[in-house]
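Chemist: Let me begin by handing over the structure; questions about it come next.
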Amino acid sequence: MISEKIEAMLEKVQKAPRYTGGEMNTAVKSWDEAELRFAFCFPDTYEVGMSHLGMKILYAAINAQPWSLCERVCMPWVDMMALMQEENVPLFSLESRHPINEFDVVGFTLQYEMSYTNVLAMLKMGNIPLRREDRREEDPIVVAGGPCAFNPEPLADFIDAFMVGDGEEQIVELNAVIRDARKDGLSRQELLKKLASVRGVYVPALYDVTYHEDGTIASFAPNCPEAPEKVLKAILTDLDSVIYPKEIPVPYTEIIHDRIMLEIMRGCTRGCRFCAAGMLYRPVRERSLEHLVELACSLEKSTGYEEISLSSLSSGDYTCLAELIRELLKRMQGKHVAISLPSLRLDSVLKESLEATQQERKTSLTFAPEAGTQRLRDVINKGITEADLMEKASDAFAGGWSSVKLYFMMGLPTETYEDLDGIADLARKVVGAYFAVPKGQRAKGLRVTCSASVFVPKPFTPFQWEPQDTLEEVQRKQLHLRDALRQVKGANFNYHESGLSFMEACFARGDRRMGQVLLRAFEKGCMLDGWNEHFKYDTWLEAFDECGVDPAFYAYRRREKDEILPWDFIDSGVTKEFLWREKQKADNAQTTKDCRQGCNGCGLQRFKGVCKFCG
Amino acid sequence: MMAVFEKSERLRHIGHLDIQRTMQRALRRSGLPVKYSQGFNPHILVTFASALSTGAIGRREIMDVTMAEDVTPEAFVSAMNGALPPDMQISCAKTMDDRHPSLTSMLYAAEFEIRIMDEDAAQRMIASLDSFMAQEQIITLRKSKSGMKEVDMKPLVYSVQGEGATLRAVLSQAEGSSCKPDMLVNALCAFLSMDTPRVIVTRSMLMGQDEGRMVPLETL
Ligand code: SF4
C-alpha cells in the first residue's frame, strides 16, 4: 500500500507536514462517487503553493460541483523526491494520496516561468508521459492556467490544453466537457477538439507554426475547423456573482502567507508599462463592500486566522476602501484579528486604527519607485514622484521607523547611467529625510536598502518588443550602482543572480522551440530553478547549445512592429495597437493617465459592459 | 476546561508548536468564550500537559483551556469537534477549578505502545525483556541542559511488556525525570547489541497519581 510507504518516508524528510494533508477545511469527497477527478498541481513547494490565492479559489470552484472532486499536489522537496524514487512511490495528492495519473485531469498553475522544469518533474514523478504526443488514451488530460498561460508556447509540447483568463467558471466548463467526453467514449483527439470550444482554452495540437529563415514566425494557424483563429481570454464581468471560498485550507505548518487573503478587486487601472499583471488582469473589477464584509466574516469563522489581508494589484485604489476598512474594524472588534493592506494610502485616523489591529509592528517600510529618475518613471508610466516618496519617507521616520526598503528595476528600456545615479540620489535624499528628524525623536539604526532586480520584458506589455540588457551590460550596471550607493552612508544595495533573469526572459517571450530546450535542461538535472541553490545556469546554457537554440534570439533581440509574436493568437483583451501606442509614448517619455480618470482605449472597450471605466 | 484530544496517525509528524497553533485556531473557530492573555500579542490561554514528540501518535493527549465564561463540557466538546480537523478530535472534557495545579505538575507517567516495524527484531527484543529489566541498573545517556548526562533509567520504567510486535510500557513523565520511549528502545537494543529497528510510538494515556496509585490524568 503506498500510504504505508509514504508514512515510512515521512520519518526521514525535512518538514514532513508538507506532505501529510488532512488540514482543516480540506475536501473529503468520495473518490468513487466523483464523476471527474482533478489534481490541482502547484509546481513549487507546499509553503509557496498553499500561500497562493488562485489555488484556493479554483479548489473551491471544482469541489463546489457535486460531480467533481479536486485534490492538491505540490512539488516535493529534493529529499522527498529522492525517497519517492527509491521506493517507487509516484507523485500523490495530499487529500487521498492517489497517484496523480489516476486523476482524469492534471492541472498546473503557471505563476512564473522558472517553475516550468518543476512541471516536467511533477509529470515524470506521476508517471505521465512528458510530451503530449506520447500520452495514451488512459493518461490524464494535462492542462495549465495562470498568468504565464498567456504565452503558452514554451510549454506547448507538454500541455494538452491551456486555460487563459479568469478561471472560476472556465475550469468548471472544461471539466464538464471532459466528463461528458469520457462518458461518450470519445478518443483523446476528439476530446481535445471539443475542448477548443471552451472559452479561453487553447489546444496546441490543433495549431501549426512555420518559421522564416531568420527564425521569426512566418505563420501560425489552426489545423482544424474546431480551433478558433484567436483565443479570447475568459473574462468575468461581475466578481460578486462567482464563487469565492468561504472556507480555505488552514495548514498545520507555517506557510509564506499564513493568513486570509481577501481579493477585493481584480485588475489595475494604473497602466505601468513593465507590468504584465496590470495588462493581463484588465479590466478592474471590484467586489462589492457588502460581499467582502460577508466573505471576511465567514472566512474568519471558518479558519480562525488572526489576520486578514486585503489583496489586489493595488488595493489602495479600491473605491470604497475607507468604508470597507471601517466596516471590517467594526465587525472584527474583540476578535483579535489584524487587518492589513499592502499599500497604505489612507487618512491618518484610519491608518492608526489599522495599525492598532496589527500585533507586531512591521519592521520596515517598503516603496517601489522602480526607477531612479522622473524621466524613466515617465517612460514606464509609474505614477510616483520624488515628492510622494519623500513625503512618505519623512512621515515614516517621524513616526518611529528607521528601516526603509526601496525597490528598483535595472535595464528598463531607454535607461542610461544617469538613471542609475538617480537611484543613488534618491537613496541619499531618503537618508537626508531621516537626519532631518531631530535626534531624540527618530528611531535608531537607519537602514535604507535598495534592491534592484533585472528587468524582464513580458508579453502583452508595451515593452514586449524590447531587448533585455545583456548579461555583461547588467553586470556593468550592477557594479556602477554598487559603487554609487557605497557613497551613500546608511544605504546598502541588494542585487540578484542575473543569469536567472536571462533565462526568465527567454521563456517569457519564447516560442514552441523552447520546449526542446526545457526538456533537455530538465533531463540534464535542472529543477527548482526558482531556488537559488538549485539554479544551474551553466547547465541551462549547455541545454540551449545542444538544441541549437540561441537564447539571445529570445532575450536580446528587438522585435519589429509587424513581427508575428508567439502569443499573438491570444486575445488578452488589450490590443496590439494599444500596446504599440504605449510603446511609442514610452519612447518619448510621455505618460498615460490612470483609467479612473478616463478610458485610454486599451481594447477592453470592445466588449460591452465589461470595463466600468470606459464609456 | 480540561479536554482529552487525539493526535492521529496522519498527524504524527506535526510538531508540538504546530499542534499548539492548530489548537489556538480551532478555539477561535469554535466561537467558545475563551480567555486571551493580556499584552501586546494576545493569545488564547491554553496549556498542554506534555509536548508530544514529532513522529508520535497521541490517543489521549490533554490540554487545559481557560474560559472567560462557564460552558458545559458537552457544549465544549461539540463546538470544538466541529472546529477541529477529523484527525484531531476531542473525546471528553471536564470543568476544572480555576486554581487547580498545572497539568504539567500533575503529570506523573504515560503509557506508550511502541510498534516495532521489524518482526525478527521485535521477537528478540520481547524475548529478552525479563533479563533486560532484571539488570540492577540501566545506565543510559540523556540530554540535559548541560549536555549529555548518564542516568539510571530503571526506576523510570514502571512496567514494560511485549504484545505481538509491540512493547507496552509505562514510563515516567514527571518534570525533570521523564523517560522517552526511544530511550527504552535504544537501551534495550544496546543490551542486545543489535541495531535499533524502526518503531512507531503511540502515547496511549497520560497518568497522574492518586493516593499512590497511577490513574488516568483526566480523572484527577
Ligand atoms: S477599456 Fe479603457 S478604462 Fe477600461 S481598462 Fe481599457 S483603457 Fe482602461
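Protein chains in written order, with the numbering used here: chain D, 1175 to 1789; chain Y, 795 to 1014. The beta-carbon is built from N, C-alpha and C at its ideal position, and this holds for glycine as well. Note that the coordinates shown come from a computational prediction; the quantities given were computed from them, not determined experimentally.
Rounded to a whole number of angstroms, what is the C-alpha to C-alpha distance between Y/Gly970 and Y/Leu901?
Modeler: If you take the alpha carbons of Y/Gly970 and Y/Leu901, they lie about 11 Å apart.
Chemist: Do the region 882-899 of chain Y and the region 973-981 of chain Y make contact, defined as three or more Cβ pairs closer than 8 Å?
Modeler: No, the region 882-899 of chain Y is not in contact with the region 973-981 of chain Y.
Chemist: When Cβ atoms are compared, which residues of the region 1193-1204 of chain D fall closer than 9 Å to chain Y?
Modeler: For the region 1193-1204 of chain D, which is checked against every Cβ of chain Y, the residues closer than 9 Å are Tyr1193, Thr1194, Gly1195, Gly1196, Glu1197, Met1198, Asn1199, Thr1200 and Val1202.
Chemist: Among D/Gly1359, D/Arg1306 and D/Lys1357, which one has its Cα closest to the Cα of D/Ile1333?
Modeler: Minimum Cα distance to D/Ile1333 is reached at D/Arg1306.
Chemist: Does D/Tyr1591 pass the burial test, meaning 16 or more other C-beta atoms within 10 Å, or should it be called exposed?
Modeler: Exposed, by the Cβ-count rule.
Chemist: What residues in its chain sit with their C-beta under 7 Å from that of D/Arg1237, if we drop five residues either side in the sequence?
Modeler: Looking at the sequence itself, residue 1237 of chain D is Asn, so the reference to Arg does not match. Answer for D/Asn1237: Ala1201, Lys1203, Leu1243 and Cys1244, listed in chain order.
Chemist: Using beta carbons (cut-off 9 Å, strictly below), is D/Gly1573 in contact with chain Y?
Modeler: No, D/Gly1573 does not count as interfacial toward chain Y.
Chemist: Going by C-alpha to C-alpha distance, which of D/Pro1543, D/Ile1438, D/Glu1560 and D/Tyr1455 sits closest to D/Leu1502?
Modeler: It is D/Ile1438 whose Cα lies nearest to the Cα of D/Leu1502.
Chemist: DSSP three-state call for Y/Thr996: helix, strand or coil?
Modeler: It is a strand residue.
Chemist: Report whether the distance from the Cβ of D/Gly1722 to the nearest heavy atom of ligand 1 is below 8 Å.
Modeler: Because no heavy atom of ligand 1 lies under 8 Å away, the Cβ of D/Gly1722 does not count as near it: no.
Chemist: State the DSSP-derived secondary structure class of D/Gly1195, mapped to helix, strand or coil.
Modeler: Residue state, collapsed to three classes: coil.
Chemist: Is the Cβ of Y/Glu803 closer than 9 Å to any Cβ of chain D?
Modeler: So yes, Y/Glu803 belongs to the interface.
Chemist: Should D/His1510 be flagged as near chain Y, meaning a C-beta pair shorter than 9 Å?
Modeler: D/His1510 counts as touching chain Y.
Chemist: Within the chosen definition, does the region 944-957 of chain Y reach the region 989-999 of chain Y through at least 3 CB pairs nearer than 8 Å?
Modeler: No, because fewer than three Cβ pairs between the region 944-957 of chain Y and the region 989-999 of chain Y fall closer than 8 Å, the two stretches do not touch.
Chemist: Note down, in chain order, each residue of its chain lying with its Cβ closer than 6 Å to the Cβ of D/Leu1294, except the 5 sequence neighbours on either side.
Modeler: Answer for D/Leu1294: Leu1304 and Phe1696, listed in chain order.
Chemist: Mind checking Y/Tyr830: buried by the 16 CB within 10 Å criterion, or exposed?
Modeler: Counting Cβ neighbours within 10 Å, Y/Tyr830 comes out exposed, since fewer than 16 surround it.
Chemist: Starting from D/Gly1452, trace the alpha helix (DSSP H) both ways and give me its first and last residue.
Modeler: Taken as a continuous stretch (DSSP letters only), the alpha helix (DSSP H) holding D/Gly1452 covers Ala1450 to Leu1454.
Chemist: How big is the Cα-Cα spacing for D/Gly1614 and D/Ala1572?
Modeler: Taking the straight line from one Cα to the other gives about 11 Å.
Chemist: Counting only the same chain and skipping the five closest in sequence on each side, list residues whose C-beta sits under 7 Å from that of Y/Asp1004.
Modeler: So the list reads Leu1014, once near-sequence residues are dropped.
Chemist: Is any heavy atom of ligand 1 found at a distance shorter than 8 Å from the C-beta of Y/Arg804?
Modeler: Not so, every heavy atom of ligand 1 lies at least 8 Å from the Cβ.
Chemist: Mind checking if D/Tyr1479 is an interface residue toward chain Y, Cβ cutoff 9 Å exclusive?
Modeler: D/Tyr1479 counts as touching chain Y.
Chemist: Residues with a Cβ closer than 5 Å to any heavy atom of ligand 1, in chain order?
Modeler: Going along the chain, the residues that qualify are D/Arg1456, D/Pro1457, D/Cys1769, D/Cys1773, D/Asn1774, D/Cys1776, D/Leu1778, D/Gln1779, D/Cys1785, D/Phe1787 and D/Cys1788.
Chemist: Going by C-alpha to C-alpha distance, which of D/Lys1407, D/Ala1379 and D/Glu1347 sits closest to D/Ala1395?
Modeler: Nearest option by C-alpha distance: D/Ala1379.
Chemist: Count the CB pairs spanning the region 1624-1633 of chain D and the region 1668-1675 of chain D that are closer than 8 Å, and state whether there are at least three.
Modeler: Short answer: they touch.
Chemist: Hey, how far is the Cα of Y/Ser885 from the Cα of Y/Gly849?
Modeler: One C-alpha to the other measures close to 21 Å.
Chemist: If you draw a straight line from the alpha carbon of D/Trp1575 to that of D/Ser1514, how long is it in whole angstroms?
Modeler: Spanning the two alpha carbons is a distance of roughly 18 Å.
Chemist: Could you tell me which chain Y residues have their CB closer than 7 Å to the CB of D/Ala1190, listed as they occur along the chain?
Modeler: His807, listed in chain order.
Chemist: Jot down the residue ranges of each uninterrupted alpha helix (DSSP H) in the region 797-838 of chain Y, minimum 4 residues, whole runs only, in chain order.
Modeler: Correct list: 810-824.
Chemist: Do Y/Ala921 and Y/Gly956 have their beta-carbon atoms positioned less than 9 Å apart in this structure?
Modeler: In this structure, Y/Ala921 lies closer than 9 Å to Y/Gly956 by Cβ.
Chemist: Assign D/Ile1558 to one of three DSSP states: helix, strand, or coil.
Modeler: It is coil, neither helix nor strand.
Chemist: Check whether the Cβ of D/Leu1184 lies closer than 9 Å to any Cβ atom in chain Y.
Modeler: D/Leu1184 counts as touching chain Y.
Chemist: Who does D/Met1583 pair with in a DSSP beta bridge?
Modeler: BP columns for D/Met1583 point to D/Ser1627.
Chemist: Report the start-end ranges of each beta strand (DSSP E) in the region 882-959 of chain Y that is 3 residues or longer and not cut off at the edges.
Modeler: Runs of the beta strand (DSSP E) inside the region 882-959 of chain Y: 884-888, 903-910, 933-938, 941-946 and 951-957.
Chemist: Could you tell me which chain D residues have their CB closer than 9 Å to the CB of Y/Pro827, listed as they occur along the chain?
Modeler: Correct list: empty, because the minimum Cβ distance to chain D is about 11 Å.
Chemist: Would you report the Cα separation of D/Asn1301 and D/Thr1219, rounded to the nearest angstrom?
Modeler: C-alpha separation (whole angstroms): 19 Å.
Chemist: For a quick check, are the C-beta atoms of D/Ala1561 and D/Ala1607 less than 9 Å apart?
Modeler: Contact: no.
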